[in-house]
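Participant: Here it is, the structure in full.
Protein chains: 2
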Amino acid sequence: MPLTLADCIARDGGNASLRGLRERFAPGAPDTLYFDANSIGPMPADAPARMQAVLQQGWAEARRRGWNELDWLEQPAKLGAAIAPVIGAQAEDVRVADSTSINQYKLLRFALALQAPRRVIVVQRDVFPSNRYAAEGIAQAGGAELRFLDDIAALPAALAPGDVAVVALSHVDYRDSTRLDMASANAQVRAAGALSLWDLSHSAGAVAIALRGTDSDLAVGCGYKYLCGGPGAPAFLYVHPRHAEGAWPAVCGWMGHADTFAFEPDYRPAPGPDRFLVGTPPVLAQAAFAAAAAVWREVDPQALDAQHRSLGDTLIQLLDEQCAGFGIELASPREHARRGGHVALRFAHAAPLAQALVHHGVVVSARKPEALRFAPHPLTATHEQLWTAVARLRDLLQREAWRDPRYQQASV
Amino acid sequence: MPLTLADCIARDGGNASLRGLRERFAPGAPDTLYFDANSIGPMPADAPARMQAVLQQGWAEARRRGWNELDWLEQPAKLGAAIAPVIGAQAEDVRVADSTSINQYKLLRFALALQAPRRVIVVQRDVFPSNRYAAEGIAQAGGAELRFLDDIAALPAALAPGDVAVVALSHVDYRDSTRLDMASANAQVRAAGALSLWDLSHSAGAVAIALRGTDSDLAVGCGYKYLCGGPGAPAFLYVHPRHAEGAWPAVCGWMGHADTFAFEPDYRPAPGPDRFLVGTPPVLAQAAFAAAAAVWREVDPQALDAQHRSLGDTLIQLLDEQCAGFGIELASPREHARRGGHVALRFAHAAPLAQALVHHGVVVSARKPEALRFAPHPLTATHEQLWTAVARLRDLLQREAWRDPRYQQASV
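Protein chains in written order, with our numbering: chain A, 286 to 697; chain L, 286 to 697.
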C-alpha cells in the first residue's frame with residue numbers, strides 16, 4: 286500500500302525523545318520547506334538573543350574584560366564537548382575552531398609528523414575537492430606524496446606498499462551520499478600502520494557516528510551544516526588521545542600554547558587537543574554556535590539517528606511511489622547504514638530541476654553531473670513536509686518544469 | 286602652562302574631518318572610559334542591526350541561497366578593500382580572513398616558497414609571542430631556520446650572510462608601543478634579497494600606514510583591535526601584487542581555488558591574493574566587520590593619524606604634568622612617528638595599578654614586566670576623557686591603590 290499523507294503525519298508523532306526540540310529552532314521563510322541541512326542547518330530560535338547579548342554586554346560594554354570575565358576562550362572546548370556525543374567522541378577530545386579546510390590541513394600535517402618517515406597521503410580521487418586541495422598543497426610544497434583512491438574497495442591495494450602515513454577519507458560522498466564503513470576502513474588502515482583522518486562534514490549531526498567506537502585516529506567536520514552552528518561557523522576537529530601529544534602542531538599559535546598568557550618567548554604545545562588551537566577565537570561566531578550546542582546537549586544520538594533514518598526511508602518510498610517513470614532515480618544507497626546526511630537522486634537535468642524546486646518553496650540543491658540532493662534536518666524536518674515536497678517534485682516533473690529557461694542559470 | 290580641562294575640551298573640537306564619526310559607535314558601559322582599543326575596538330552602533338539582518342534574513346530564511354543571493358563570499362575582498370586606505374594598500378591587495386596567527390603562518394610559508402632555496406626566517410626575539418610561535422612551528426617541522434633579532438639596529442648583521450628568505454617584524458611593540466620605520470627596514474631587507482612580513486596588529490586603524498608607499502612585501506594584522514571588527518574578528522592579510530602569483534599558498538583551500546564552484550579535482554590557485562583564502566568565510570563575523578568597514582570607508586587616514594597624535598601627545602603631556610614623582614614614567618617614544626597605537630607607561634606595579642584603574646572605570650591594561658598601556662581609539666576617545674583618566678590615575682597613585690590585595694590577581 287502506498288504511503289499516504291496521513292501515514293506521514295502519523296510518523297511525525299513517532300520519535301518521543303526528540304519531541305520539543307523542533308520548537309527550539311526558528312521557523313524559516315513562510316511557505317518554504319528546507320532540505321538543505323547539508324549546506325546550512327536551521328537556526329536555533331535563541332541565537333539572535335545570544336548574539337545580542339555578546340554584542341552589547343561583551344563587545345560594547347565589557348570590551349577587553351570579556352577575555353577574562355566571560356568564557357570566550359573556553360568556547361572551543363565547551364562547544365567541542367557539546368557536539369562530542371553526536372560524533373561518538375569523548376568530550377575532551379573535540380575542539381571547535383577555524384574552518385574545515387584549515388583543520389584538514391592541520392591534521393594532515395600532524396599525521397605526517399607522527400608518521401615520519403612515512404610520507405604518503407592516500408586521498409580519494411573523487412572526493413569533495415577541498416579535501417584534495419589540502420593534500421595537494423602539502424605535496425606541492427614537498428611535504429608528502431599523494432596516492433589517489435578510486436574506490437574504497439581499492440584501499441587494500443593502496444595500503445599494500447606499507448608506506449602510507451595517513452588515509453584521508455570523506456565519511457559521506459557529497460554527491461550521492463554513500464557512507465563508508467568507518468570500522469572496516471579503520472581496521473585496514475591500522476593494520477597497515479597508517480592513520481585515518483575522517484571528514485565528517487556530511488554526516489555529523491545527521492547520523493550517529495562512533496569515532497571512538499570505530500577506533501578512528503583523526504577527524505574534522507563542518508560546523509554550519511547539520512550541526513547548525515550558523516553560516517560559516519567554525520569547524521571541529523577530533524584527535525584520538527593516543528596521538529594528541531605525539532608531535533607539535535604544524536600551525537603553532539598562542540591559543541595552542543601551554544600557557545597562553547604567560548607570553549613565553551618559546552612555543553610549548555598545550556596538553557592534548559588544545560595544541561590545535563591557533564589564533565584568537567571568533568567570539569561572535571562562537572555565540573551563535575553556542576545556541577546550537579545547547580540543543581545538542583539534549584539530543585540522544587540514537588534517537589537522532591532513528592529520526593534521520595525514518596525521514597530518509599520515507600522520502601525514498603515516496604519518490605519510488607510518486608515519481609517513477611520520469612527518468613529520475615535513486616542515487617544514494619537504500620540502506621540507511623550506507624547513506625549519509627542527504628538523499629540524492631540522479632536526474633539528467635538535476636541543476637534546473639533543483640532551481641525549479643527552490644522557486645516552488647522546496648529548498649534542495651544539485652551537484653554535477655546529475656545529483657539532486659534532499660537534506661532534511663532530523664531535528665526540524667517532518668515526514669509531512671516530505672510528502673508536500675515530493676508532491677511538488679512530481680508536479681514539476683509532469684510539467685517538465687526543468688526546461689524553463691529561468692532555471693538554467695548557474696547556482697551554487 | 287599646564288594643560289587644563291578647558292584646553293582638552295577645546296582640542297576635542299579640532300579635527301573637523303572626523304566629526305560625526307564618533308556617533309557612529311555605540312556608547313560603552315555607563316561611567317566607563319575605554320582605552321583598550323589595542324584589545325577590542327569600540328562597536329559600531331549599527332553592528333547589532335546588521336547582525337540581526339544576517340541572522341534572520343540570511344541564516345533563518347535564505348539558508349543555502351545565502352551563498353548565491355547574498356554577498357557572503359565577496360566579503361573577504363570587500364572588507365579588505367574598505368580597510369586598505371588606512372594601511373596604505375591598494376584595495377585589491379588586501380583580504381580579510383582567518384586569524385592573525387594563521388595568516389602569519391600562511392605568509393611565512395608563502396615567503397619561504399617564493400625565496401627557495403633560502404630558508405632563513407629572521408624574527409624579533411622579544412616580539413609578541415604568536416609571531417615567534419608561527420615561525421618556530423615551521424622551523425621545528427624542518428621548513429626553515431630561525432635567526433633571532435635582538436634589536437632593529439641589528440638588522441644589517443642579521444641580513445649580512447645573504448641567506449635570509451623573510452624578515453618578520455612587528456610594526457609596533459605590544460608593550461612599549463615603539464613603532465619601527467617601515468621604509469628604512471624594507472630598504473635594508475630588499476637590499477639583502479629578502480622579503481618583509483609586517484604584523485600591523487598594534488598600528489592598523491590607529492596611525493597612517495604606507496604599506497605600498499614603503500614598498501612592503503607582505504603584511505598581516507588583527508581585525509578586532511583598532512579596526513573595530515568585533516571580538517575575535519577575522520584578520521587581514523596583504524600581499525604586494527608583484528608576489529601574489531609567485532607560488533602556491535601553503536594552505537590550499539576551495540575558497541582559494543581559481544574556480545571554487547567548478548569543483549575541479551585539482552587545485553589551481555586563484556589569481557592574486559584570493560589564493561590565500563582557504564575555507565568557507567565566517568559569515569556572521571563578517572557582518573559585524575562590515576559595520577566597521579562602513580565607517581572606514583569614510584575615514585581620511587591623515588585625519589585619523591592627526592587625531593591619534595593629538596590624543597597621544599595630550600595624554601603624555603597630562604601624565605608629565607600630573608603624575609610626576611610617583612615612580613611612573615613614559616615607556617613609549619615621545620615622538621608620534623615612533624609610537625604605535627598605544628601609550629605605555631613604566632611602573633613597578635603596572636598590573637595591580639591597571640586593575641585599580643579598571644575598577645575605577647578607566648579600562649587600560651598591563652603587560653609584563655612593567656608596562657601600563659593606554660590605547661585610546663582615535664575615532665571615539667576624547668581629550669576630555671584623557672583628562673578624567675589621568676586625574677583618576679593621579680588619585681590612585683597618591684593613595685597607592687595598587688597595594689590593595691583585590692588588585693593582585695592575574696588578569697589578561
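Idealized CB from N, CA, C, for every residue including glycine. Just so we're clear, the structure is a prediction, and the values are computed from it rather than from any experiment.
For a cutoff of 8 Å on Cβ pairs, would you count Asp551/L as touching chain A?
Facilitator: Taking the second sequence and counting its residues from 1, the one referred to as residue 551/L is at position 266. Asp551/L counts as touching chain A.
Participant: For the alpha helix (DSSP H) holding Leu393/L, just list the boundary residues, first then last.
Facilitator: In the second sequence, residue 393/L corresponds to position 108, counting from 1. Where Leu393/L is concerned, the enclosing alpha helix (DSSP H) stretches over 385-400.
Participant: When you compare the CB of Trp533/A with every CB in chain L, is at least one pair closer than 8 Å?
Facilitator: As a position in the first sequence, residue 533/A is number 248, starting the count at 1. Yes - at least one Cβ of chain L is within 8 Å of the one on Trp533/A.
Participant: Pick out whichever of Ala588/L, Ala450/L, Ser469/L has its Cα sitting closest to the Cα of Ala438/L.
Facilitator: Numbered from its first residue, the second sequence carries residue 438/L at position 153. If we check each option's Cα against that of Ala438/L, Ser469/L comes out closest.
Participant: So which of Ala398/L, Leu399/L, Ala426/L, Val449/L has the shortest CA-CA distance to Val408/L?
Facilitator: Along the second sequence, read from residue 1 onward, the residue named residue 408/L stands at position 123. Ranking Ala398/L, Leu399/L, Ala426/L, Val449/L by Cα distance to Val408/L puts Val449/L first.
Participant: Let me check understanding here. Comparing Cα to Cα, which of Gln341/L, Val405/L, Leu480/L, Asn323/L lies closest to Pro446/L?
Facilitator: Counting from 1 along the second sequence, the entry for residue 446/L is found at position 161. Closest by alpha carbon: Val405/L.
Participant: Ala481/L bridges to which residues according to DSSP?
Facilitator: Translated into the one-based positions of the second sequence, residue 481/L becomes position 196. Residue 481/L is actually Ser in this sequence, not Ala. According to DSSP, Ser481/L bridges with Val452/L.
Participant: Is Ala489/L helix, strand or coil when you go by DSSP?
Facilitator: To locate residue 489/L, count along the second sequence from 1; it is residue 204. The answer is strand: DSSP assigns Ala489/L an E or B state.
Participant: For a test of the three-state rule: what should DSSP assign to Glu308/A, helix, strand or coil?
Facilitator: For the purposes of this step, residue 308/A is identified with residue 23 of the first sequence, where counting begins at 1. If DSSP states are grouped into helix, strand and coil, Glu308/A belongs with the helices.
Participant: Starting from the Cα of Gly299/A, find the closest Cα among Pro526/A, Thr667/A, Tyr390/A, Cys507/A and give me that residue.
Facilitator: What you label residue 299/A is simply residue 14 of the first sequence in a count that begins at 1. For the residues Pro526/A, Thr667/A, Tyr390/A, Cys507/A, the minimum Cα distance to Gly299/A belongs to Thr667/A.
Participant: Can you tell me whether Pro287/A is buried or exposed, with buried defined as 16 or more other CB within 10 angstroms of its CB?
Facilitator: As a first step, residue 287/A is located in the first sequence; it is residue number 2 there, counting from the start. Exposed, because fewer than 16 other Cβ atoms sit within 10 Å of the Cβ of Pro287/A.
Participant: Pairs of beta-carbons, one from the region 656-664 of chain A and one from the region 616-627 of chain A, closer than 8 Å: are there three or more?
Facilitator: Counting Cβ pairs under 8 Å, three or more are found: they touch.
Participant: I'd like to know if Met467/A contacts chain L, where contact means its C-beta is closer than 8 Å to some C-beta of that chain.
Facilitator: As a working mapping, residue 467/A is identified with position 182 in the first sequence. No, Met467/A does not count as interfacial toward chain L.
Participant: Using CA coordinates, which residue listed in Arg560/L, Val584/L, Met467/L is at the minimum distance from Ala369/L?
Facilitator: What you label residue 369/L is simply residue 84 of the second sequence in a count that begins at 1. Of the candidates Arg560/L, Val584/L, Met467/L, the one whose C-alpha sits nearest the C-alpha of Ala369/L is Val584/L.
Participant: Answer yes or no: does any C-beta atom of chain L fall closer than 8 Å to that of Asp383/A?
Facilitator: Taking the first sequence and counting its residues from 1, one reaches residue 383/A at position 98. Answer yes: the Cβ-Cβ gap between Asp383/A and chain L drops below 8 Å somewhere.
Participant: Return helix, strand or coil for Pro586/A, following the three-state DSSP convention.
Facilitator: Counting from one through the first sequence, the residue named residue 586/A turns up at place 301. In this structure, Pro586/A counts as helix in the three-state DSSP scheme.
Participant: Quick check on DSSP: helix, strand or coil for Val649/A?
Facilitator: Counting from one through the first sequence, the residue named residue 649/A turns up at place 364. Here Val649/A sits in coil by DSSP.
Participant: Going by DSSP in three states, Ala629/A sits in which element: helix, strand or coil?
Facilitator: Taking the first residue of the first sequence as 1, we reach residue 629/A at position 344. Ala629/A falls in the strand class under three-state DSSP.
Participant: Between the Cα of Ile294/A and those of Met336/A, Phe574/A, Thr599/A, Ser324/A, spot the shortest distance and give me the residue it belongs to.
Facilitator: On the first sequence, position 9 is the one that residue 294/A refers to. Comparing Cα-Cα distances from Ile294/A to each of Met336/A, Phe574/A, Thr599/A, Ser324/A, the minimum goes to Thr599/A.
Participant: Please list, in chain order, the chain A residues whose beta carbon lies closer than 9 Å to that of His542/L.
Facilitator: Within the second sequence, numbered from 1, the residue matching residue 542/L stands at position 257. Pro414, Ser415, Tyr418, listed in chain order.
Participant: Residue range of the alpha helix (DSSP H) that Leu512/A falls in?
Facilitator: In the first sequence, counting from the first residue as 1, residue 512/A sits at position 227. Run containing Leu512/A: none; DSSP gives neither H nor E here.
Participant: Please report the straight-line C-alpha distance between Gln360/A and Arg691/L, rounded to a whole angstrom.
Facilitator: Locating residue 360/A in the first sequence gives position 75, where the first residue counts as 1. Locating residue 691/L in the second sequence gives position 406, where the first residue counts as 1. Gln360/A and Arg691/L: Cα-Cα distance of roughly 27 Å.
Participant: In chain order, what residues of the same chain lie with their CB nearer than 8 Å to the CB of Pro240/L, ignoring the 5 residues before and after it?
Facilitator: Nothing about residue 240/L can be reported from this structure: the residues present for chain L run from 286 to 697 only.
Participant: So, for Gly365/L: in the same chain, excluding its five sequence neighbours on each side, which residues have a beta-carbon less than 7 Å away from its beta-carbon?
Facilitator: Indexing the second sequence from 1 puts residue 365/L at position 80. Taken in chain order, the residues that qualify are Val379, Arg380, Val381, Phe521.
Participant: If we ignore side chains and look at the alpha-carbon of each, how far apart do Gln400/A and Arg475/L end up?
Facilitator: Counting from one through the first sequence, the residue named residue 400/A turns up at place 115. Counting from one through the second sequence, the residue named residue 475/L turns up at place 190. The alpha-carbon atoms of Gln400/A and Arg475/L are separated by roughly 39 Å.
Participant: Any C-beta of chain A within less than 8 Å: which residues of the region 383-410 of chain L qualify?
Facilitator: Answer set for the region 383-410 of chain L: Asp383, Ser384, Thr385, Ser386, Ile387, Tyr390, Arg394, Ala398, Arg410.
Participant: What do you get for Leu290/L, buried or exposed, if any count of 16 or more other CB atoms within 10 angstroms of its CB means buried?
Facilitator: As a working mapping, residue 290/L is identified with position 5 in the second sequence. Answer is exposed; the Cβ neighbour count stays below 16.
Participant: Do Phe561/A and Pro534/A come within 8 Å of each other at the CB atom, strictly closer than that value?
Facilitator: Indexing the first sequence from 1 puts residue 534/A at position 249. Indexing the first sequence from 1 puts residue 561/A at position 276. In contact: Pro534/A and Phe561/A (Cβ atoms closer than 8 Å).
Participant: Which stretch, first to last residue, makes up the alpha helix (DSSP H) that contains Ala468/A?
Facilitator: Residue numbering aside, residue 468/A sits at position 183 when the first sequence is read from its first letter. Run containing Ala468/A: 467-476, per the alpha helix (DSSP H) assignment.
Participant: Does any residue of chain L have a CB that is nearer than 8 Å to the CB of Trp483/A?
Facilitator: On the first sequence, residue 483/A is found 198 positions in, with the first residue counted as 1. For Trp483/A, the answer is no, since every Cβ of chain L falls outside 8 Å of its Cβ.
Participant: Using a 10 Å radius around the Cβ and a threshold of 16 neighbouring Cβ atoms, would you call Gly531/L buried or exposed?
Facilitator: For the purposes of this step, residue 531/L is identified with residue 246 of the second sequence, where counting begins at 1. Result: exposed.
Participant: Name the chain A residues whose beta carbon is nearer than 8 Å to that of Lys653/L?
Facilitator: If you number the second sequence from 1, residue 653/L lands on position 368. Chain A residues near Lys653/L: Phe548.
Participant: Flag this pair as touching only if the region 503-513 of chain L and the region 487-494 of chain L have three or more C-beta atom pairs under 8 Å; answer yes or no.
Facilitator: Because the criterion of three Cβ pairs below 8 Å is met, the region 503-513 of chain L and the region 487-494 of chain L touch.
Participant: Is there a Cβ from chain A that is less than 8 Å from the Cβ of Glu346/L?
Facilitator: Translated into the one-based positions of the second sequence, residue 346/L becomes position 61. Closer than 8 Å to some Cβ of chain A, the Cβ of Glu346/L qualifies, so yes.
Participant: Enumerate, from N- to C-terminal direction, the unbroken alpha helix (DSSP H) stretches of 4 or more residues contained entirely within the region 320-368 of chain L.
Facilitator: Listed in chain order, the complete alpha helix (DSSP H) runs (minimum 4 residues) inside the region 320-368 of chain L are 332-338, 350-354.
Participant: Can you check which of these residues, Gln592/L, Ile601/L, Ala633/L, is closest to Gly612/L by C-alpha distance?
Facilitator: Mapped onto the second sequence, residue 612/L falls at position 327. Measuring from the Cα of Gly612/L, the nearest candidate turns out to be Ala633/L.
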